[in-house]
């Protein structure tokens with residue numbers, strides 16, 4: 068490797084190979100580790116006592132469980148779709164953001180997979196949803212949304228892991244060659260799968276990378292639509308709507324882009340990666356986030372228009388969600404996910420570290436309130452009239468959600484510590500093309 072190529076990626080490679088990483092990283096890892104411990108405690112409580120420790124009851128049989136599942140899946144789908152499109156289009160932005168965007172998608176789907184498994188009540192029997200050769204020939208009910216979740220999540224984990232890992236292979240070989248300690252060389256050497264950088268290796272790698280990226284596109288659309296169909300196939304007035312899949316796909320993309328922007332801004336600031344994640348990259352990400360927020364706003368307007376045209380109980384159910392007991396959730400979602408991102412019409416806000424963190428976090432919070440509004444607020448009006456139907460999460464439910472947030476942050480911190488957060492081989496390729504032109 069030439070000295071220019073080595074220098075082009077030295078800053079990225081030095082981060083995982085450095086023996087010391089600073090007290091801020093350790094403090095963040097300690098805090099997220101505490102939340103992971105809380106996650107373990109809540110999962111043990113649910114396993115031993117049962118889902119009765121949650122605040123769910125008729126008709127709110129899902130509550131926080133499905134709210135947080137749909138929220139994490141939205142992050143995973145949005146980030147995966149964004150990364151796959153950049154790979155297929157060979158866009159320059161892929162060099163800066165693809166590596167950690169793929170990591171965000173993988174860690175989010177891991178967090179999402181926790182909820183449907185433990186919502187079963189007997190999580191150790193989760194394999195019953197798989198059509199294995201059962202002695203008693205009791206097969207899973209394929210009309211059950213639990214079976215849909217099993218296939219969706221398992222496929223999502225496999226494809227997202229492949230997209231992330233295949234892209235890492237050349238950089239793992241670079242870390243293997245630059246590592247000074249024997250044990251570090253051996254670990255990265257095993258993970259690099261014998262990569263030597265030959266023409267044949269590169270040809271296979273690029274084909275595999277693009278093939279997995281192609282698989283991501285239909286998977287993400289199907290996966291996010293499956294989450295929406297879990298509502299649409301019911302007879303609940305505010306759920307039984309054909310617009311639900313489009314709403315979940317579009318808002319999920321906005322959610323994924325906002326988290327990618329949030330991580331990009333924090334990594335650029337904390338690791339001093341301004342050379343690799345430059346102002347142009349942040350500016351373009353901000354524009355994409357703004358565009359996705361505008362699309363979400365259009366879908367909210369479409370929801371109101373559809374309610375006005377529908378009439379009957381469907382209209383009543385939708386407007387009850389907007390004006391009833393849980394109306395605050397609906398309007399908070401619009402403020403956080405549609406109105407606050409309008410700050411990105413100004414370039415100074417798009418390039419600001421504080422602005423990127425504020426808007427990225429706001430959209431994530433707004434989409435969470437949107438999922439809460441749909442899942443809880445959508446059940447206020449049904450075909451059978453009833454009174455006093457309310458839902459409030461319990462401490463174990465809140466702890467479970469905060470625990471998954473801690474798990475996501477911990478996985479991201481470990482990823483930043485031991486693996487390159489920016490694609491080194493893509494960086495070398497881009498700089499070589501710039502010098503050749």
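Residue numbers (the numbering used here): 68 to 504.
For each residue, glycine too, the CB sits at the ideal point set by N, CA and C.
query, result
"For residue 458, name the three-state secondary structure that DSSP assigns.", "coil"
"So, for residue 172: in the same chain, excluding its five sequence neighbours on each side, which residues have a beta-carbon less than 6 Å away from its beta-carbon?", "143, 146, 147 and 227"
"Counting only the same chain and skipping the five closest in sequence on each side, list residues whose C-beta sits under 8 Å from that of residue 101.", "473"
"Any contact between the segment 381-394 and the segment 360-368? By contact I mean 3 or more CB pairs, one from each, below 8 Å.", "no"
"Going by beta carbon distance, what residues of the same chain come within less than 7 Å of residue 248, once the five residues before and after it are set aside?", "none"
"Please state if the CB of residue 447 and the CB of residue 367 are separated by a distance shorter than 9 Å.", "no"
"For the 8 Å Cβ check, are there 3 or more pairs between the segment 289-296 and the segment 407-421?", "no"
"Can you check which of these residues, 168, 140, 258 and 113, is closest to residue 328 by C-alpha distance?", "168"
"Roughly how many whole angstroms lie between the Cα atoms of residue 19 and residue 92?", "Any answer about residue 19 is impossible in this case: the structure gives the chain only from 68 up to 504."
"Quick check: the Cα distance between residue 138 and residue 319, rounded to an integer number of angstroms?", "8 Å"
"To the nearest angstrom, how far is the alpha carbon of residue 83 from that of residue 334?", "14 Å"
"Okay, do the segment 400-408 and the segment 429-443 touch, 3+ Cβ pairs below 8 Å being the bar?", "yes"
"Count the other C-beta atoms from every protein chain shown that fall within 10 angstroms of the C-beta of residue 238, then say buried if there are 16 or more, exposed otherwise.", "buried"
"So what's residue 232 in DSSP terms, helix, strand or just coil?", "helix"
"Run through DSSP, which three-state label would residue 403 get?", "helix"
"How would you label residue 124, buried or exposed, when you count the other beta carbons within 10 angstroms and need 16 or more for buried?", "exposed"
"Give me the residue from 106, 126, 97 and 141 with the minimum Cα distance to residue 317.", "141"
"Going by the CB atoms, is the gap between residue 163 and residue 489 shorter than 9 Å?", "yes"
"Can the beta-carbon of residue 240 be found less than 9 Å from the beta-carbon of residue 269?", "no"
"Over the uninterrupted alpha helix (DSSP H) stretch that includes residue 369, give me the two end residues.", "346-377"
"In the DSSP assignment, find the unbroken alpha helix (DSSP H) run with residue 311 in it and report its ends.", "311-337"
"Note down, in chain order, each residue of its chain lying with its Cβ closer than 8 Å to the Cβ of residue 264, except the 5 sequence neighbours on either side.", "237 and 240"
"Restricting to runs no shorter than 4 residues, where is the alpha helix (DSSP H) found entirely within the segment 99-184?", "131-156"
"With H, G and I counted as helix, E and B as strand and the rest as coil, what does DSSP make of residue 270?", "helix"
"Taking DSSP as the reference, what is the three-state secondary structure of residue 491?", "helix"
"Kindly list the residues whose CB is nearer than 8 Å to the CB of residue 443, restricted to its own chain and excluding five residues on each side of it in sequence; keep chain order.", "127, 130, 134, 393, 396 and 458"
"Just the Cα atoms here: how many angstroms apart are residue 340 and residue 402?", "32 Å"
"Rounding to the nearest angstrom, what Cα-Cα distance links residue 88 and residue 484 in this structure?", "8 Å"
"What does a CB cutoff of less than 8 Å around residue 501 pick up in its chain, not counting 5 residues either side in sequence?", "Below a pLDDT of 50, predicted positions are generally treated as unreliable, and residue 501, at 49, falls in that range; no measurement from the model is reported."
"Could you check whether the segment 296-313 touches the segment 369-388, counting it as contact only if at least three pairs of C-beta atoms, one from each stretch, sit closer than 8 Å?", "yes"
"Would you give the residue range spanned by the alpha helix (DSSP H) that residue 414 belongs to?", "414-418"
"Report the three-state DSSP secondary structure of residue 69 (helix, strand or coil).", "At residue 69 the pLDDT is 49, less than 50, meaning the model places this residue with poor confidence and gives no usable figure here."
"Which term fits residue 420, buried or exposed, when burial requires 16 or more other beta carbons within 10 angstroms of its beta carbon?", "exposed"
"Tell me the residue span of the alpha helix (DSSP H) that contains residue 300.", "That residue, residue 300, is in no alpha helix (DSSP H); it is neither H nor E in DSSP."
"Taking the alpha carbon of residue 422 as the point to measure from, which residue in 475, 166 and 352 has its own alpha carbon closest?", "352"
"Using the C-alpha atoms, what's the distance from residue 218 back to residue 188?", "19 Å"
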